[in-house]
Structures are given as C-alpha cells and as structure tokens.
Amino acid sequence: MARLIARSPDGREFQVVLTHKPQTFGRSETCDCVLRNDAEVSRVHAEIWVDGENRVQVLDKGSKNGTRVDDGDVYRSDQRVAWRTLRVGEHEFDVKDAARPPDSHTPRGPMFRDDPTPRDGDTVYYPSTRAIDLSGQRLGLLIRLAERIGGAFDRKQMLEQALDACCDSLGFERGLIVLKTRRGDAETPVTRNMPVDSSGSFRVSRTLINRALVDGERAIVNNPATDVGPLTESLVRYPICSALCVPITNRDTILGVIYGDRVTQASSYQAEDVDFLAAIAQHVGVGLANLELFREYVRSQKVYAELDQARAIQRELLPNGAMERGRLRIDGFNQPSSEVSGDYYDYFVLDDGRVGFIIADVTGHGLPAALVMANLQSAVRVALTGRDNLPGLARRVNQLICQNTSSGVFVTSIFGVVDPDNGELEYISAGHPGPILFSPSGLRLHQVENSLPLGVDEDEEFDMHVLAPSTGVNAALFYTDGLFEAADASGKLLGMEPILSGLNGLGRTLPAALIEGAKRIVHEHLGTADAGDDMTLLALEFQRD
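Listed below in structure tokens is the structure:
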C-alpha cells in the first residue's frame, strides 16, 4: 500500500500510511492528519487516498492556497494523481510505493508553442560565455533594482518582484519567469499578460525558452513590419514586435529563464538591453540561492545538527578552487567559528581579462551575518566589471548596505582587481586590515589610510591604492581579523608580529603555501582553545620574470 513521508516547516518528519478510505489533511483538529504550525494550510485542505490500482489520489477541498503534485501547477477544487511528491501549504510529502500513473513518462510542467527556426535578422543568439556590458546609467539602475528584488524572503514574491522590475525597466508588455524542477523540466511560470491557447500552451516560442534553459543562450528578437521576406510561422501566429530571453544562472548552473516581449510597440531591442536583462537574471539566480539558504535556516533553527546543511549551501557560494590565469595564481580559505560564517571571499575573471577579488567580514556570526554576506556577493558580482571604478563601486555598495540593513550592521572589506599579465594590483579598503605584501627583498604590512566600513556612513568616500609592477611585489595575503585576533586558552591574542615572522621564513609565496603557513601559525598559538572568530584568507601570487 502506498504511503507518504511528510516534512513539516519546522523540520519534523513523519509517515502517513494511506488506505482506500479518503483521509482529510488540514490544520483543523478534526482532520485525520493534522498539519500544525502552517499558516498556508486551510482548515480542511485536501483528501488523500489510494485507488484500486494503488495510485495516490489527491482531492483539493477548495483550499485558500491550493495543492501541488509532482512539481505541477497549483490547483484548487480538483483531483489529481501524485506519484513522486505533493505539497500542502509548507508541508512537503514524498510518495512511496505508489503505482505509476499512465502518463508519468511525460514530465509535467508548462507547455510552450513550437516554432520554426527564425530567419536570419529576426533573432540573434549570444552564447553563455559572452561578457555582460552595462553602461554607468544601467549599472546604477541595476543597484536600485537589486534592492527591490533582494528584499523578498519568499520565492514566489521574489520572482513576482523581479518580473515587475523587468517589465518596468525594459518595457515588456508580456513576460514570464520559469524555473527548472529537480528533474530538469520546467515549472509553471510566473507570468504577466501571457495568454494560453486552447490546448493550455503558453504563446511563446519553445525554441527561445529551450535554448536559454538548456544551452544558457541569450536571445534578442526584432521583427519590425518593414523587414523584407516572409515572417516565421510563430511570429505570424503570435505577432511579436520584439523580445528578449535570458537564462537565470548561479555559478554556471542554469536555474531558469526570464522572457519578455512587446506586441504593440515597434521599437527594437539592442545588445545592451539583453545584457541588462542578463544582469537582472544573475541577481535573481543569487537571490534564489540565498532563499534556499534562508529556507534551510528556517527549517533547522530548532535542530542544531541541520545547520550543517546551511554551511554546505554557503560553501557553494565560495569559489570552487584555486584559479590560475596568465601569470597569476589565486586561492582562498574560510573557517567559520560557528556552523556558518560572516566572512566571505570571492574571485572571478572580469570582462577585460583582469581578475576581480573581494574579502569581507560582517559584524556578528552565524546565519544573520551569512545572509548579509550573501547579498553583498550578489551586488559585487554584478557591479564589478573591468571598466568600473573601484571607489565608485564601493560607494554604491555602501549605500545599498546602509539603506537595506539595520543600524549596527557593518562590513569591513577589500575590493580589488589584478592584471594577470603585468601584476598591477588595485584595491580599496573599507575599514579592513591591510594585506601582507611579499617581494624579493622580504615582506611588509601594507598600512594605508583606511575608509570606514561599509554600512556606517552613507556618504563615505573610498580611496584606491595601486601597487604598480615597479614596486616588485609578487605576492599578497589578505585576511580577516580572525587571523591576528586568535586567542589561546589564557586569552592572549596572536597579533601581527608572530604572523609576519612566521611567514617570512616560508621561502615560498605560492598561494597554497601562504595559506597553509598562516593556518599553522594560528593553530600553534591556539593550542587547545577553540577559534572565537571566523577566519578567512585570500592569497595571490604573480610570477615575474
């Protein structure tokens, strides 16, 4: 006989053995299965039973928020068969030992109309490797849109706000956002003015959706009436003046698609428009990862062991490993003092070939600090480009943090870029400790006049520091205060002198060697004591002739 494995919002798991007699599910104490502490569940939400062929039948009883089975669309006052999963409010159920429905070989999800391949001139596709190019005005608008998108802690709400932002900023008359399910097919999308035909299919090109969802391609469609030659069948059937379609990604993983079009305006979209939409999609991708982190926190806040899941998600936000580009090598390390860290580092290739990097430390520890840090990652990843001015970037991010976090929350950080061909290093410091610099003549602490941390003063100015190739610097170690504030069992802080002395004797400046050397110095000082603070290290080396 089929059964259900249930997961409640607070992390509890329990089993429900189904029978041929319908069982009621809801928050009323009169229900056969009472779903407590779930505001999304109606008093009598659904009836569930097993039919004569051992298929799980799910009848929604006209609930307020609906029921979902097998990643399909939400339905109300209707009956469907569940084979893999079902969702009632915030309660999730895995279906076990049930018979396969006759049509289960076909993935459920929204249907999109097929169309012939558009003729040359109608559609331009850009590969996923093409860099995003934003003007200063668009970059400023993107920062403002990030506030609008990033303030939501519910996935549907965030997608609705993101689609509103896309429609407002790019003049879409119709639009949709569709995400992948765990099986790889498409969920029911969030839509704006998007009609369906008599078969229930959305009137949008399946070709555009699939090339974004599968291959990560960005597309521009322009179909002015003055074009010469026959229009494609789909554009005659569904007259589109212009359209944009981009993938939603996070760290090279395609999560979904944003699509928008115009059906009455004759104006065309340009390359900078699809780049702007792609930048918004990046924000959405990072936001989805952040929401997953937050969701794991809510589930596990009463169960200490489940915080390991949040730590695993946060690790996914850090670089996957060391980077080598040209003559540059760069690597990092993060050790949280609790299950999740308020420290953060990242490095990535900019569209001008240089490498951008950041190291940061938010006040506090644990999940609240980690959530602030995840939002900082989103802003810097999108805003830092090869043409961007570092002080200007710091000002915008500082204003974003000041306007969107509670008072008393601030972030010390260093943003930088390094040229992998000549080793020139530029960086700004927002209240962060200066790096240790290495050259053939020895090492030194780079002490410069510091700006205030991010989030303290909305009008703070930031100065850029440049280490030209002529300085002879061939390596640098950036760190958070968990390095020199490590305290032994007696409470004595490590300080910088033992660190400088210990690293001076290494003889090698490979990033991995610098990181391991610093970790060893801290470990020897701590002895049997536990680390009281997060510690993050970021090391880079430029191989000179």
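For the sequence shown, this note's numbering gives the first residue as 304, with consecutive numbering after it.
Backbone N, C-alpha and C define an ideal beta-carbon position, used for all residues, glycine too.
Per-residue DSSP class, three states only, for residue i
i	result
A677	helix
D649	strand
H408	Because the pLDDT at H408 is just 38, under 50, the model does not fix this residue reliably, and the point stays unresolved.
N692	coil
L809	coil
V320	strand
P743	coil
D471	helix
F781	strand
S537	A caution first: S537 carries a pLDDT of 44, below 50, which makes its placement in the model unreliable, though a value can still be read off. It is helical.
G314	coil
G424	With a pLDDT of 48 at G424, under the threshold of 50, the modelled position of this residue cannot be trusted; read the value that follows with caution. Three-state DSSP puts G424 in coil, outside helix and strand.
E729	strand
I308	strand
T567	coil
G656	coil
C548	strand
C334	coil
E595	helix
F713	coil
M461	helix
V825	helix
F845	strand
A342	coil
Minimum C-alpha distance to residue i - residue among the options
i	options	result
R628	I308, Q846 and R330	Q846
A790	E476, L780, V377 and H828	H828
S311	H323, N692, F651 and A342	A342
I446	G355, Q702 and L653	Q702
G392	R371, R509 and A771	R371
F787	R811, L748, P772 and P814	L748
A663	N678, G656 and R657	N678
C469	L516, V577 and G624	V577
G355	V384, I824, G645 and A816	V384
H394	P430, V427, V319 and Q382	V319
F328	R346, R315 and L817	R346
T494	V337, G365, T831 and D467	D467
S438	D555, L462, G369 and L687	L687
A465	N340, Q750, G794 and A584	A584
G820	D836, P743, P801 and V700	P801
D457	L696, I561 and F597	F597
E332	V769, I824 and V344	V344
A625	A305, I818 and A349	I818
A582	V769, S732, L444 and V359	L444
G785	L770, T322, V825 and A697	V825
E490	N496, L482 and M497	L482
P778	A816, Q750 and D760	Position check: residue 778 holds Ala in this sequence, whereas Pro was assumed. When only C-alpha atoms are compared, the closest one is A816.
V769	L797, G737 and G365	G737
Beta-carbon proximity check, residue i vs residue j, cutoff 9 Å
i	j	result
F475	L591	no
V776	L728	yes
N857	D397	Since the first and last residues shown for the chain are 304 and 848, residue 857 lies out of range.
F781	Y647	no
D376	R387	no
I523	Y572	yes
S544	T510	Residue identity differs from the one stated: residue 544 is Cys in this sequence, not Ser. Against a cut-off of 9 Å, the Cβ pair of T510 and C544 comes out as no contact.
P404	L362	no
S472	L448	yes
L757	C705	yes
G719	Y730	yes
E712	T783	It should be pointed out that residue 712 corresponds to Val in this sequence rather than to Glu. Their beta carbons are not under 9 Å apart, which means V712 does not touch T783 by this criterion.
I551	I661	no
A515	R506	no
R477	D564	yes
One or two residues paired with residue i in a DSSP bridge
i	result
Y378	T370
R349	Here residue 349 turns out to be Ala, not Arg, going by the sequence shown. Answer is F328 and D363.
A790	L796
F636	L840
F718	I661 and I731
Y854	Limits of the chain in this structure are 304 at one end and 848 at the other, which puts residue 854 out of reach.
H394	V391
*Mind the definition here: the region 828-845 touches the region 630-639 only if three or more C-beta pairs lie below 8 Å; say whether that holds.*
yes
*Given 8 Å as the limit, is there contact between the region 753-767 and the region 799-814, that is, 3 or more CB pairs closer than that?*
no
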